[in-house]
Amino acid sequence: MGEIICTDITKVWGAGTPREVLALERVSLTVGHGEFLAVIGPSGCGKSTFLMMLAGLEMPTSGTITSNGEAVNGPGADRSLIFQQPSLYPWLSALDNVAFGLKLQGVARKERRQRAEQFLRQVGLREFAHKHPHELSGGMQQRAAIARALCLGADVLLMDEPFAALDVQTRFQMQSFLLDIWQGSGKTVVFVTHHIDEAVYLADRVIILTARPGRLLDSVSIAMPRPRHVISADFERYRGLFVERLRAEVTKAFQEQELAEMLDTRIK
Amino acid sequence: MRGRQIGSWIGRREDDPKSVEEMPEAEEGLGYRGWIKRLIPLGLLIGVVVGVGWWVLSLGIVVAIWELAVALQFVNPVILPPPHLFIAEIRNQAQFLMPQVGATAVSGNFIVLTVIWMSLQRVLLGLALAFVSAVTLGSLAFYFEIFGKLTLPTITLLAPIASVAWIPLAIVAFGVGDRAAIFVVFISVVFTLTLGTVNNMHNVDQVYINTARVLGASRRQVIQHVIFPAVLPQLFVIMRINLFGAWMGVLAAEMVGVRSGLGAIVVVGRQMMNMNLTFLGMALIGLVGYLLDASFGLVQRRVLWWKSTAQL
């Protein structure tokens, strides 16, 4: 349950056109059942592309992805994706947003509302069931989005910088909230972030992608018991490690960008 | 004492619900005055009275200048009859019983309302037909790419034809009557609305679509449950923008050939050199047009609130 295996996946955007971009190159990776994996890398390294492919919204140009041993050919009920941007439907109440997936499956109104209410309670939004998204705070909206993902019983939660748009306090709150949800649930989480602290605080294992094209640079297990303390020698050690590895990649990304811009102006 | 209390009230924000509850009398519910205050929030009432006051004042200035100009014999009341004269025309029911205005078959007491209703139902029916057709056509053009490619260029060319330009065709095709007027309203909105439907459907936030796909939605479900509700407020705005065009279209049709309804009153007034009637028609056209727009705005805020007007 919830095991994802990626074999040599490569993604080329606009293949065969002059604007062809190699986004991701030969990434092979196994995410174990119940594992919390964080993915970090410089911006534009293909983190989001990687997640879109795991979700089945995009197909790899080459290579294969399997989830629970089955090839990923499109979105599936075993995987759910949570976005950074607000994604609740503004015309539906929180309850109906959470129940939306069940509605698509044709579950009767009364039953899907009952089931959705259970998940709203789990994320602490029961009193807000009949509020609409614009009446909820950013953190509440993301919690409802998580409830919506949980409601279909996905084994794998794919999260694309879900807390990046939130303020610092809310972000901390949401991080421990996510750990509460995940611990003991047996769910697999793949969590994309550009925040080193967030990755070290949350994950069992952190993988680093290189600047474009994204390749697997390193995979580091975080051997710290939970709850983790952000101010501790161990935390500092991991933070230092990732800062150093990332800095080199970010510099490379910048240089590449400058080079590309220079070439662009030359051509013009 | 009481004056000071009311004075302190005016300073408060009317949309602040606390200010209503803070009133000691409203809390206690003592006597009938307390009850009245509880039922009608005073702050809101003052806001409404002040708002209406400006309207009355603004209109009053125009009416006063007009009446004064007539009283001082600067203008000829036969050509520019002042408001008190043409409003009095409402009582002149016999005028409206003329077959030209098309209200012969109805009982005498509510002729003005009947005439208003004639024009109004043509607009509403035309808009409803246009909305249903445009959304259907637009959705099909969005769903079946080939169908869109085949139809949209023609629709793009038809959209800028002014509603008035369709009137001769409408009268030839449908004869003189309701159907011609409804057709003019329909045709003045349907093409623009179809194009708006397709454009807005293409611009729906990708995150909304991806969310539905991740939750297992088919393409049809994405359109039905995500894209359609997402574009609905914008479609309504397009309708509202084109409302005055449609209103103009139906009145012009009524003046030229259809010969019943508010547009016909204006023309009959001119033909009989009874400018009282013409001005009454004009005043009613303005008033009804305004109320039509205002009621659309109300629906927009109450029913389609998920896109605030600021976002549109």
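For the protein sequence lines, the chains are A and B, in the order given.
Using my numbering, you'd call the opening residue of the first sequence number 81 and step up by one each time.
Using my numbering, you'd call the opening residue of the second sequence number 4 and step up by one each time.
We put the CB at the ideal spot given by N, CA and C, even for glycine.
Alpha-carbon spacing of residue i relative to residue j, whole angstroms
i      : j      : result
A229/A : F116/A : 16 Å
V192/B : A249/B : 7 Å
R15/B  : T195/B : Because R15/B sits at a pLDDT of 41, beneath the cut-off of 50, its placement in the model cannot be relied upon, and the following sentence gives the value as read from the coordinates. Going by the C-alpha atoms only, they are around 44 Å apart.
V291/B : M285/B : 10 Å
V351/A : H228/B : The structure shown does not extend to residue 351/A, since chain A is modelled only from 81 through 348, so no value can be given for it.
I164/B : N206/B : 26 Å
L60/B  : V115/B : 26 Å
V138/B : F130/A : 37 Å
A297/B : I158/B : 29 Å
V101/A : M132/A : 16 Å
A313/A : N203/B : 54 Å
F315/A : S142/B : 54 Å
V261/B : A255/B : 9 Å
Q253/A : K267/A : 20 Å
N279/B : S263/B : 18 Å
V271/B : I119/B : 15 Å
G50/B  : G56/B  : 10 Å
I13/B  : V52/B  : A caution first: I13/B carries a pLDDT of 39, below 50, which makes its placement in the model unreliable, though a value can still be read off. Each residue's Cα considered, the two are about 12 Å apart.
K152/B : P140/A : 30 Å
F334/A : D284/A : 30 Å
R216/B : Q255/A : 26 Å
C86/A  : A291/A : 19 Å
N79/B  : M258/B : 25 Å
I89/A  : R243/B : 50 Å
D181/B : L128/B : 10 Å
V152/A : L237/A : 15 Å
R99/A  : A340/A : 12 Å
G46/B  : L295/B : 28 Å
G32/B  : S217/A : A caution first: G32/B carries a pLDDT of 46, below 50, which makes its placement in the model too unreliable to give a value.
I311/A : A244/A : 21 Å
A95/A  : M251/B : 53 Å
For residue i, the three-state DSSP class (helix, strand or coil)
i      : result
G111/B : Residue placement at G111/B is flagged as unreliable, the pLDDT there being 49, under the threshold of 50; the coordinate-derived value follows with that caveat. DSSP places G111/B in helix when its eight states are reduced to three.
R94/B  : helix
F282/B : helix
K91/A  : strand
L232/A : coil
D208/B : coil
A188/A : coil
A303/A : coil
A224/A : helix
A340/A : helix
D260/A : helix
A209/A : coil
M26/B  : The pLDDT assigned to M26/B is 42, lower than 50, so where the model puts this residue is not dependable, and the model offers no usable value.
Contact with chain A by residue i, beta-carbon distance below 7 Å
i      : result
G219/B : yes
E28/B  : Model confidence at E28/B stands at a pLDDT of 41, short of 50, so the residue's coordinates are unreliable; what they give is reported in the following sentence. By this cut-off, E28/B is not an interface position.
N203/B : no
Q76/B  : no
R304/B : no
N213/B : yes
V210/B : yes
P80/B  : no
P232/B : yes
R125/B : no
R216/B : yes
Neighbour flag for residue i against chain B, beta carbons, 7 Å
i      : result
W262/A : no
Q165/A : yes
G181/A : yes
A151/A : no
S160/A : yes
A227/A : no
P416/A : The structure shown does not extend to residue 416/A, since chain A is modelled only from 81 to 348, so the question has no answer here.
W171/A : yes
L134/A : no
P98/A  : no
Expected contact under 8 Å - CB spacing of residue i and residue j to nearest Å
i      : j      : result
Q337/A : D240/A : Their Cβ separation, rounded to whole angstroms, is 22 Å, which puts Q337/A and D240/A out of contact at 8 Å.
V253/B : S122/B : 6 Å
E182/A : C125/A : In the sequence on display, residue 182/A carries Leu and not Glu. About 36 Å; that fails the 8 Å criterion.
L130/B : V188/B : 6 Å
G34/A  : G121/A : Absent from the structure is residue 34/A, since the part of chain A shown begins at 81 and ends at 348.
I84/A  : I162/A : So it is not a contact: roughly 16 Å between Cβ atoms.
G219/B : P155/A : 6 Å
R327/A : I288/A : Actually they do not touch by this definition, with Cβ atoms about 11 Å apart.
CB contact check: residue i to chain C, cutoff 7 Å
i      : result
Q224/B : Absent from the structure is chain C; the protein chains it does hold are A and B.
Item to check | Continuous alpha helix (DSSP H) assignments of at least 4 residues falling wholly in the segment 110-161 of chain B | outcome: 114-146, 148-161
Next on the checklist: Which complete beta strand (DSSP E) runs does the segment 156-184 of chain A hold, if anything under 3 residues is left out?
Outcome noted: 159-162
Next on the checklist: Ignoring anything shorter than 4 residues, give me the alpha helix (DSSP H) runs that lie fully in the segment 264-301 of chain A, in order along the chain.
Outcome noted: 276-282
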